[in-house]
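Visitor: Here the sequence shown stands for residues 4 to 614, numbered as in my numbering.
By construction, the Cβ of each residue, glycine as well, lies at the ideal position given by its N, Cα and C atoms.
Bear in mind that the values here come from a model prediction, so they are computed numbers and not experimental data.
Below: one structure in structure tokens.
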Amino acid sequence: MKQFANVDFKHDGTAFRCPTDLSRSSGSLQRVLVIGQCTADHIRGFLLESGIHCDFVHIQSLMDPLFQSPQPIETYDLQIVFLPMDRIIPGYTYFPLSYADIDAEEKRFANAEKTTLDLLDVATRWLKSHKILTFIGNFLVPQQNPVGKLLPRYDLRNPCYFMEKINESLSRRVDEMDNAFVIDMDGVSSTFGKKYLNDDSIWSLSHGGFIQNIEYEHYESNRQDSQKRLEDLGPVTEYYSVRTDDGYRALRDEILSMYRIVRQVDAVKIVIIDLDDTAWRGIAAEEDNSRDFMTIGWPLGFVEALMLLKRRGILLAIISKNEHENAVGAWERNYGNVFPISNFVSVKANWLPKHENMRQILQETNLLAQNAVYIDDNPAERDIIQSMFPDVRVIGSNPYYTRRILLWSSETQVPFISGESSSRTESIKSVIQRENDRLSMDHDEFLRSLNIKIRCNVVLDSSDKYFKRCLELINKTNQFNTTGRRWTVEEVNSEINSGLKIYAFDVDDRFTQYGIVCVALVKENVVLQFVMSCRVIGLGVEMAALGVIMNSMREEGLNSALGISQETEKNVLSRDLYARAGFQATDNGMWNCDLNVEFALPTHMQLDMSC
């Protein structure tokens, strides 16, 4: 019997849309507040099924401005909002309209849009007051135009288009909010099959939910004998293939995946690939293979996935047992016109063991094994990498799975794309070139030659243009991170309200613009946390940043400063930060700096002291 590549049927379940192949730890979601009506209450039940504590608030309760949440709002990790469709489109407003009256339809849409945004405003009161992480569900779009298949598709008289436009308005408003994101309920329904889930084949358009047996349970089954139909009617699940429970579980898993993305749980920072039978079909050295044979189908889909990962800020690298010139030439022949090999931060094409090349790439990029994914079609090579680097996530047995795992897994996704993220590959390549130059020069001469410039910015609000990047750096940095603590938007905002300052340092040199690569959280005279990107390790940036902060405190009239340092498994690079800066260790594990003496700043760089 012919043996095929590994078949994993878990990819047919809810893990089809939210793959778990790259997951290594739980997302630690513990307490959720769910707001809405029927859909919200149903999703609450399926979150409870996963062991998550959930409280439910009917949206009508929020009409009372004095209404309080069941528990203090700061105790919730997340609030989920599903606006009720019957408030947006009341059941009978559609009935009296004439198809010829386009103006009336446009007026109905304007009213529905206003109601949607007004309800959203009511439902997100705690987002505005506490910056609590908030997910907001969109609306289900009908399966087809109930007015008629052949009538105009993109016309407000088509309920499908009507709901798409409502969803667009909802999404645009959510995009304007801090710490809020849209749950694509309609997308989940489309993925798993609207005919199995949506109730628009039975109920009125104003309901817009998943199919339930509630009609039978509340009405049909309670008919008196004298009221029964001539042909008795059973529950709807007797007549349709209904997968409502699966739909709600898929919606729940979508929410859990979104939460992992926001919290950057098990985040992937680099994807390292093999070439033959991974990036293309067959062996490049077999020159008889045409480009169409090698690239059409899953190979081009795979490379397109790499392109999209790069846009998210994920680094790409190649490890191939091949002559370097041959590997680069094969790539350029197959993909050079759409995705040149310059998009890879490192290309290791040689005859060294692949684990040696893996070690070099991790060293060059200053990344930990836990942040890497390795893709190879050869099970023996996968096993070797896995044994040498147990924390590397290894995939590649089935190319029909690979693209979806790379693009849809929460571990490869980001809640936003910063300027630093989008230019990360170019920045790291500049670092590699910079480090090569370092080897051929005296250290002090090398530093002076870089023409380093540092600009200080102080962030005092989550609406600041640097806020998201600061939070990204804090929550993604492992090695140069004095405490290792991860922060939520809500936690940072709470601290800002009680005096926290975020010092953000923007760095560039003659090689590249690094952007915001150093961040310190400072409250009164205490440096709560200090983090720095490995891209600027060894340039003296941390000493300059501490100097700016210390001298700023001194100008405020403070006599001493404290730095907090807590050892983690991964923060080796930052453990001696305060000792190198001249701080003195205290009995309680903190570090003290005498501010009566001006902090000496490095002389090989230009400092913008405007902060």
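Suppose you measure from the CA of F602 to the CA of K272; what does that come to, to the nearest Å?
Guide: Each residue's Cα considered, the two are about 35 Å apart.
Visitor: When you compare only the Cα positions, how much space is there between G560 and T405?
Guide: In a straight line, the C-alpha of G560 is about 58 Å away from that of T405.
Visitor: Measuring CA to CA, which of Q482, M608, S72 and Y506 is closest to K573?
Guide: Nearest of Q482, M608, S72 and Y506 to K573, Cα basis: Q482.
Visitor: Kindly indicate which three-state DSSP category T17 falls into: helix, strand or coil?
Guide: Note: T17 maps to helix in three-state DSSP.
Visitor: What are the boundary residues of the alpha helix (DSSP H) that includes H446?
Guide: Its alpha helix (DSSP H) spans residues H446 to S452.
Visitor: If you draw a straight line from the alpha carbon of A469 to that of A507, how long is it in whole angstroms?
Guide: The question names Ala, but residue 469 in the sequence shown is Tyr. So the two alpha carbons sit approximately 8 Å from each other.
Visitor: Assign G211 to one of three DSSP states: helix, strand, or coil.
Guide: Correct three-state label for G211: coil.
Visitor: If you run the structure through DSSP and keep just helix, strand and coil, what is W594?
Guide: DSSP places W594 in strand when its eight states are reduced to three.
Visitor: Note down the Cα distance separating L69 from A43, rounded to an integer number of angstroms.
Guide: Approximately 22 Å, taken between the alpha carbons.
Visitor: In terms of DSSP beta bridges, what is K351 paired with?
Guide: According to DSSP, K351 bridges with I322.
Visitor: Note down, one range per segment and in chain order, each alpha helix (DSSP H) of at least 4 residues found wholly within the region 457-541.
Guide: 470-479 and 492-500, all fully within the region 457-541.
Visitor: Can you list, in chain order, the residues of its chain whose CB lies under 6 Å from that of F533, leaving out five sequence neighbours each side?
Guide: If we look at F533 and ignore the five residues flanking it on each side, its Cβ neighbours are T485 and A523.
Visitor: Is P22 closer than 8 Å to R407 when the C-beta atoms are compared?
Guide: Against a cut-off of 8 Å, the Cβ pair of P22 and R407 comes out as a contact.
Visitor: To the nearest angstrom, report how far apart E359 and K351 are at their CA atoms.
Guide: So the two alpha carbons sit approximately 10 Å from each other.
Visitor: Drop a sphere of 10 angstroms on the beta-carbon of L463, count the other beta-carbons inside from all chains shown, and report buried for 16 or more, exposed for fewer.
Guide: By the 10 Å Cβ count, L463 comes out exposed.
Visitor: Tell me, to the nearest whole angstrom, how far the beta carbon of G316 is from that of R427; I am working on the premise that it is less than 8 Å.
Guide: Contact flag correct, Cβ pair sits at about 5 Å.
Visitor: Could you check what DSSP says for D277 in three-state terms: helix, strand or coil?
Guide: Coil.
Visitor: Would you mind listing the alpha helix (DSSP H) stretches within the region 76-154 that are 4+ residues and don't spill past its ends, in chain order?
Guide: With a minimum length of 4 residues, the continuous alpha helix (DSSP H) runs that stay inside the region 76-154 are 88-91, 105-126 and 128-133.
Visitor: Looking at the secondary structure, which residues open and close the beta strand (DSSP E) in which M608 lies?
Guide: First-last of the beta strand (DSSP E) with M608: M608 to D611.
Visitor: Are there 16 or more other CB atoms within 10 angstroms of the CB of G300, so buried, or fewer, so exposed?
Guide: Exposed, because fewer than 16 other Cβ atoms sit within 10 Å of the Cβ of G300.
Visitor: Let me know the secondary structure DSSP gives S174 once reduced to three states.
Guide: Correct three-state label for S174: helix.
Visitor: Hey, how far is the Cα of L32 from the Cα of D80?
Guide: Near 6 Å, if we compare the C-alpha coordinates of D80 and L32.
Visitor: Between N595 and L549, is the Cβ-Cβ spacing less than 8 Å?
Guide: No; because the gap between Cβ atoms is not below 8 Å, this pair is not in contact.
Visitor: Please report the straight-line C-alpha distance between Q389 and Q609, rounded to a whole angstrom.
Guide: Taking the straight line joining both Cα atoms gives about 44 Å.
Visitor: Are the CB atoms of D597 and S563 within a distance shorter than 8 Å?
Guide: Yes; because the gap between Cβ atoms is below 8 Å, this pair is in contact.
Visitor: Nearest to C537 by CA position, among L371, A588, I38 and R489, is which residue?
Guide: The shortest Cα separation from C537 among L371, A588, I38 and R489 belongs to L371.
Visitor: For R458, which residues of its own chain have a beta-carbon under 6 Å away from its beta-carbon, when the five flanking residues on both sides are left out?
Guide: So the list reads D509 and D611, once near-sequence residues are dropped.
Visitor: Taking R315 as part of the alpha helix (DSSP H), name the residues at either end of that continuous run.
Guide: First-last of the alpha helix (DSSP H) with R315: W301 to R315.
Visitor: If you measure from the CB of N337, is any heavy atom of the ligand GTP nearer than 7 Å?
Guide: Of the ligands one can find in the structure shown there are none, so the ligand GTP has no counterpart to examine.
Visitor: If you check the beta carbons only, do F342 and A320 fall under 8 Å apart?
Guide: It is not a contact, given that the beta carbons lie outside the stated cut-off.
Visitor: For a test of the three-state rule: what should DSSP assign to D386, helix, strand or coil?
Guide: Helix.
Visitor: Among the candidates I387, E494 and D106, whose CA atom is the shortest distance from the CA of P356?
Guide: Closest by alpha carbon: I387.
Visitor: Return the CA-CA distance between R294 and R336, expressed in angstroms with no decimal places.
Guide: Looking at the two C-alpha atoms, the distance is approximately 8 Å.
Visitor: Along the chain, where does the beta strand (DSSP E) that runs through V60 open and close?
Guide: Taken as a continuous stretch (DSSP letters only), the beta strand (DSSP E) holding V60 covers H56 to H61.
Visitor: Give the C-beta separation of A183 and V177 to the nearest angstrom, bearing in mind that I take them to be a contact with Cβ-Cβ under 8 Å.
Guide: The Cβ separation is near 5 Å, so the contact holds.
Visitor: Would you give the residue range spanned by the beta strand (DSSP E) that I186 belongs to?
Guide: Here the beta strand (DSSP E) through I186 covers A183 to I186.
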